[in-house]
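Undergrad: Quick one: structure below, then a few questions.
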Amino acid sequence: MIEVRNLSFSYPNSTDKILKGISFSISKGEIFGFLGPSGAGKSTTQKILYKILHGFSGEILIDQKPIQSWDKTYLEKIGVGFEFPNHYLKLTGRENLKLFGSFYNSNKLKPIPELFKLVGIEKAIDQPVEAYSKGMKMRLNFIRAIMHDPEILFFDEPTAGLDPGNAHIIKKYIKKLKEEGKTIFITTHNMNTADELCDSVSFIDEGVLQITDSPKTLKNKHGKNAVNVLLKNGINQDFPIHNLGVNSEFLELIKTNEIDKIHTLEATLEEVFLKVTGKTLSQ
Amino acid sequence: MQHILKISIADFWLIFRDASLKTFLFLPILIFVVVLWGLPALINSFPIVGEYTNYIILVSTIQLTQMFGFIYGMMLVDEKETGVAKVYGILPVKKISFILGRFIMPMIITIMLTWLLLVIQPFYKLEIFPCFLFSLLSGLLVPIYAIAISLFSKTRLEALVWVKTINLLVILPILAFFVPKGINYLFGILPTYWMYQGLEQMIMNQQYLMSWVIGFIFLLILLGLVSRRFSIKHYE
Numbered sequence: 079m080i081e082v083r084n085l086s087f088s089y090p091n092s093t094d095k096i097l098k099g100i101s102f103s104i105s106k107g108e109i110f111g112f113l114g115p116s117g118a119g120k121s122t123t124q125k126i127l128y129k130i131l132h133g134f135s136g137e138i139l140i141d142q143k144p145i146q147s148w149d150k151t152y153l154e155k156i157g158v159g160f161e162f163p164n165h166y167l168k169l170t171g172r173e174n175l176k177l178f179g180s181f182y183n184s185n186k187l188k189p190i191p192e193l194f195k196l197v198g199i200e201k202a203i204d205q206p207v208e209a210y211s212k213g214m215k216m217r218l219n220f221i222r223a224i225m226h227d228p229e230i231l232f233f234d235e236p237t238a239g240l241d242p243g244n245a246h247i248i249k250k251y252i253k254k255l256k257e258e259g260k261t262i263f264i265t266t267h268n269m270n271t272a273d274e275l276c277d278s279v280s281f282i283d284e285g286v287l288q289i290t291d292s293p294k295t296l297k298n299k300h301g302k303n304a305v306n307v308l309l310k311n312g313i314n315q316d317f318p319i320h321n322l323g324v325n326s327e328f329l330e331l332i333k334t335n336e337i338d339k340i341h342t343l344e345a346t347l348e349e350v351f352l353k354v355t356g357k358t359l360s361q
Numbered sequence: 323m324q325h326i327l328k329i330s331i332a333d334f335w336l337i338f339r340d341a342s343l344k345t346f347l348f349l350p351i352l353i354f355v356v357v358l359w360g361l362p363a364l365i366n367s368f369p370i371v372g373e374y375t376n377y378i379i380l381v382s383t384i385q386l387t388q389m390f391g392f393i394y395g396m397m398l399v400d401e402k403e404t405g406v407a408k409v410y411g412i413l414p415v416k417k418i419s420f421i422l423g424r425f426i427m428p429m430i431i432t433i434m435l436t437w438l439l440l441v442i443q444p445f446y447k448l449e450i451f452p453c454f455l456f457s458l459l460s461g462l463l464v465p466i467y468a469i470a471i472s473l474f475s476k477t478r479l480e481a482l483v484w485v486k487t488i489n490l491l492v493i494l495p496i497l498a499f500f501v502p503k504g505i506n507y508l509f510g511i512l513p514t515y516w517m518y519q520g521l522e523q524m525i526m527n528q529q530y531l532m533s534w535v536i537g538f539i540f541l542l543i544l545l546g547l548v549s550r551r552f553s554i555k556h557y558e
């Protein structure tokens, strides 16, 4: 669905390359996560993909067709959830969606009240957006991105500014969109969001793609292939996963002691990122 | 066309819900009151003012463009500040036609107001069609004015400074009437110079077509340049 080959980009009047020959591909129905610290090139990549930035080198194919040769029908196909709330504050939520919705094919538009209900802000539908909390504005961002039933979705920090309950609703809906066959490109700092949602992730740092794989593979590859047993008496011990069922020491320990916790020692995505780039995501 | 209508309606909602922008809608009324009643009363009390009537009409005409120039300039800056401009960047509509289409309503209103002021001012008997020609130039000035403000400013505060600066540049060519012959052409680098010259020639029953054509082409080129720049910068 999206094929990016050797993409490089510099802003006009700058010699610094923001993107240095990155390549990745996203299949139809896949959730792809782009992870990296601020200034790594995540937003620039997304802006190129939704045709706000031009003048890149390399190749971008959308459904096997170069992005440059797509006309405005491409913009009908995509939906963008921006990182920060961006609405007309003096207009109501309904007026905002009606205005922006009027630019899309009306046959595909979802009913506005349903969209508001979906993210739990139906009571605020006719209130001016300036009266919304940040979380409500972010949810309005989300429903604006999906209101025209796009095939490709770009979400920049989709759960930023949301309480855990609402973040859960958004994540659940993103998974539903994937089930419907939508292709989803997420950029985030939030490793839990990436881990929970993404089929594959890429780590980007200083304009270079460091690694691309599924979160599960990355965590296994960079973690310890072992389980940790924590006993009620505070003792804890690691055992290799390989042949765990016949590991007499392990079996003896769990038979003869009261167990507090047993967990695998796979790495977290944050740890993998640190290992691969030498940086934390907040750097 | 349907998009343009919807965005025009939304623009008017935004203007009416913003106290500072709404106030500016009264500017034409003020200008009409000054020209129709204030100026005759002033000339009555101070006859010397009568010698400058034509210049006062010229400046009043150009000032009518300030209303929508200011309002739309502020709205565009506000869109940048709130990030709404980015949303327009991803809408399935051609950027240039969207920008120009969005200005159709304010241009039409400005053209109508300018034409009306020129036709009903009580000092000169002007013909309807030439008045319309110069109203077209005023209409063209509105998007240039608004887009220039938004290109130069990142915040509303900065925009206020640019409003003053651009307004000064718009009014400046009136000085061309008060400087020695020859030097006046230096003001020709500003588009409103040709509007002032042409309007003055029309008022004085002289040949005005050349000034109008130069002014028209000048404004069209300027509009093309600022729109192009705007379509690249505004949505980033």
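First to last, the protein sequences are chains W and B. The numbering of the first sequence is the numbering used here, which starts it at 79 and goes up by one. The numbering of the second sequence is the numbering used here, which starts it at 323 and goes up by one. Note that the Cβ used here is the ideal one computed from N, Cα and C, for glycine as well. Treat the numbers as computed from the prediction; the structure is a model and nothing was measured.
(1) Glu154/W touches chain B at which residues, Cβ-Cβ below 9 Å?
(2) Look at the alpha carbon of Tyr446/B and the alpha carbon of Phe538/B, and state the distance between them as a whole number of angstroms.
(3) Based on the DSSP output, what are the partners of Ser135/W in its beta bridges?
(4) Considering only residues of the same chain and omitting the five flanking positions on each side of Thr266/W, which have a CB-CB separation below 6 Å?
(5) Closer than 7 Å, CB to CB, is Lys150/W near chain B or not?
(6) Tell whether a beta-carbon distance below 7 Å holds between Pro465/B and Phe425/B.
(7) With respect to the beta strand (DSSP E) encompassing Phe181/W, which residues constitute its N-terminal and C-terminal limits?
(8) Looking at C-alpha atoms only, which residue of Thr290/W, Asn164/W, Thr261/W is the closest neighbour of Ser278/W?
(9) Between Asn403/B and chain W, is the shortest Cβ-Cβ distance under 7 Å, so that the two count as touching?
(10) Please list, in chain order, all residues of the same chain as Ser533/B whose beta carbon is under 7 Å from its beta carbon, the five residues on each side excluded.
(11) Alpha carbon to alpha carbon, what distance is there between Lys344/B and Ile337/B?
(12) Taking DSSP as the reference, what is the three-state secondary structure of Val501/B?
(13) Could one say the Cβ of Glu480/B lies closer than 7 Å to chain W's Cβ atoms, at least one of them?
(14) Please report how far the alpha carbon of Pro191/W lies from the alpha carbon of Ser457/B, in whole angstroms.
(15) Use the C-beta contact count for Leu448/B: other C-beta atoms within 10 angstroms, 16 or more gives buried, fewer gives exposed.
(16) For Lys402/B, count the other beta carbons within 10 Å of its own beta carbon; 16 or more makes it buried, fewer makes it exposed. Which is it?
(17) Rounded to whole angstroms, what's the CA-CA distance from Leu531/B to Gly157/W? Just pull it up for me.
(18) Just reading off the beta strand (DSSP E) that Gly114/W is part of, what are its end residues?
(19) Quick check on the burial criterion: 16 or more other C-beta atoms within 10 angstroms. Buried or exposed for Asn527/B?
(20) How far does the alpha helix (DSSP H) with Pro318/W in it reach, from first residue to last?
(21) Taking Cβ-Cβ distances below 7 Å as the criterion, which residues of the stretch 190–221 of chain W are in contact with chain B?
(22) Going by alpha carbons, who is nearest to Ile109/W out of Gln288/W, Phe317/W, Lys253/W?
(23) Identify each residue in the stretch 328–351 of chain B for which the Cβ-Cβ distance to at least one residue of chain W is less than 8 Å, and report them in chain order.
(24) Answer yes or no: do Ile203/W and Gly171/W have a C-beta to C-beta separation smaller than 7 Å?
(25) Residues in the same chain with beta-carbon distance under 7 Å from Val441/B, minus the five sequence neighbours each way, listed in chain order, please.
(26) Closest to Met396/B by CA distance: which of Ile493/B, Lys476/B, Asn366/B, Tyr557/B is it?
(27) So, with DSSP's three-state summary, where would you put Phe102/W?
(28) Under 8 Å by Cβ, that's how I've got Leu565/B and Val357/B pegged, so tell me the actual separation to the nearest angstrom.
(29) Under the DSSP definition of a beta bridge, which residues are partnered with Ile337/W?
(30) Step through the CB atoms of chain B and report whether any lies within less than 7 Å of the CB of Ser116/W.
(31) Under DSSP, the alpha helix (DSSP H) around Ile496/B begins and ends at which residues?
(32) Against chain W, with Cβ distances strictly below 7 Å, would Tyr557/B count as a contact?
(33) Starting from Leu196/W, trace the alpha helix (DSSP H) both ways and give me its first and last residue.
TA: This is what the structure gives:
(1) Position 76 of the first sequence holds residue 154/W. Within chain B, the residues near Glu154/W are Pro414.
(2) Within the second sequence, residue 446/B is the residue found at index 124, counting from 1. Within the second sequence, residue 538/B is the residue found at index 216, counting from 1. Here the C-alpha atom of Tyr446/B lies approximately 24 Å from the C-alpha atom of Phe538/B.
(3) As a working note, residue 135/W is residue 57 in the first sequence. According to DSSP, Ser135/W bridges with Ser86/W.
(4) Position 188 of the first sequence holds residue 266/W. Excluding residues within five positions, the ones whose Cβ falls inside 6 Å are Glu235, Ala272.
(5) Residue numbering aside, residue 150/W sits at position 72 when the first sequence is read from its first letter. Taking Cβ atoms only, chain B reaches closer than 7 Å to Lys150/W, which makes this a yes.
(6) Sequence index remark: in the second sequence, residue 465/B carries index 143 (1-based). Sequence index remark: in the second sequence, residue 425/B carries index 103 (1-based). Cβ atoms of Pro465/B and Phe425/B: closer than 7 Å.
(7) On the first sequence, position 103 is the one that residue 181/W refers to. No beta strand (DSSP E) holds Phe181/W; DSSP gives it neither H nor E.
(8) What you label residue 278/W is simply residue 200 of the first sequence in a count that begins at 1. Residue Thr290/W is the option with its Cα nearest to Ser278/W.
(9) On the second sequence, residue 403/B is found 81 positions in, with the first residue counted as 1. Looking at the sequence shown, residue 403/B is not Asn but Glu. Output row for Glu403/B: interface = no.
(10) Counting from 1 along the second sequence, the entry for residue 533/B is found at position 211. If you ignore the 5 residues before and after Ser533/B, its C-beta comes within less than 7 Å of the C-beta of Trp516, Gln519, Gly520, Gln523, all in its own chain and listed in chain order.
(11) For the purposes of this step, residue 337/B is taken as residue 15 along the second sequence, with counting starting at 1. For the purposes of this step, residue 344/B is taken as residue 22 along the second sequence, with counting starting at 1. Ile337/B and Lys344/B have their C-alpha atoms spaced approximately 6 Å apart.
(12) On the second sequence, residue 501/B is found 179 positions in, with the first residue counted as 1. If DSSP states are grouped into helix, strand and coil, Val501/B belongs with coil.
(13) As a position in the second sequence, residue 480/B is number 158, starting the count at 1. False, the Cβ-Cβ gap to chain W never drops below 7 Å.
(14) Against the first sequence, residue 191/W aligns to sequence position 113. Against the second sequence, residue 457/B aligns to sequence position 135. Approximately 45 Å between the Cα atoms of the pair.
(15) Along the second sequence, read from residue 1 onward, the residue named residue 448/B stands at position 126. Buried.
(16) For the purposes of this step, residue 402/B is identified with residue 80 of the second sequence, where counting begins at 1. Looking at its Cβ environment, which holds 16 or more other Cβ atoms inside 10 Å, Lys402/B is buried.
(17) To locate residue 531/B, count along the second sequence from 1; it is residue 209. To locate residue 157/W, count along the first sequence from 1; it is residue 79. One alpha carbon belongs to Leu531/B, the other to Gly157/W, and they sit about 50 Å apart.
(18) Numbered from its first residue, the first sequence carries residue 114/W at position 36. Where Gly114/W is concerned, there is no enclosing beta strand (DSSP E), given that its DSSP letter is neither H nor E.
(19) Position 205 of the second sequence, counted from the start, is the residue given in the question as residue 527/B. Asn527/B comes out exposed.
(20) As a working mapping, residue 318/W is identified with position 240 in the first sequence. In this chain, Pro318/W is not harboured by any alpha helix (DSSP H); it is covered by the beta strand (DSSP E) spanning 314–318.
(21) Of all residues in the stretch 190–221 of chain W, none places a beta-carbon less than 7 Å from a beta-carbon of chain B.
(22) Walking along the first sequence from the start, residue 109/W turns up at place 31. Nearest option by C-alpha distance: Lys253/W.
(23) For the stretch 328–351 of chain B, the residues whose beta carbon sits under 8 Å from a beta carbon of chain W are, in order, Lys328, Ile329, Ala332, Trp335, Leu336, Arg339, Asp340.
(24) Here the question's residue 203/W lines up with position 125 in the first sequence. Here the question's residue 171/W lines up with position 93 in the first sequence. Against a cut-off of 7 Å, the Cβ pair of Gly171/W and Ile203/W comes out as a contact.
(25) Position 119 of the second sequence, counting from 1, holds the residue named residue 441/B. These residues qualify, in order along the chain: Leu448, Ile450, Cys453.
(26) Position 74 of the second sequence, counted from the start, is the residue given in the question as residue 396/B. When C-alpha distances from Met396/B are compared across Ile493/B, Lys476/B, Asn366/B, Tyr557/B, the shortest belongs to Lys476/B.
(27) For this step, residue 102/W is matched to residue 24 along the first sequence. In the structure shown, Phe102/W sits in a strand (DSSP, three-state: E or B).
(28) Residue 565/B cannot be examined here, being either before or after the span of chain B that is shown, 323 to 558.
(29) Locating residue 337/W in the first sequence gives position 259, counting from the first residue. Looking at the DSSP assignment, Ile337/W forms a beta bridge with Leu309/W.
(30) Within the first sequence, residue 116/W is the residue found at index 38, counting from 1. It does not: the Cβ of Ser116/W has no partner Cβ on chain B nearer than 7 Å.
(31) Here residue 496/B corresponds to residue number 174 of the second sequence, with the count starting at 1. If you look at Ile496/B, you'll find it isn't in any alpha helix (DSSP H); DSSP assigns it neither H nor E.
(32) Against the second sequence, residue 557/B aligns to sequence position 235. Tyr557/B counts as touching chain W.
(33) Within the first sequence, residue 196/W is the residue found at index 118, counting from 1. First-last of the alpha helix (DSSP H) with Leu196/W: 190–196.
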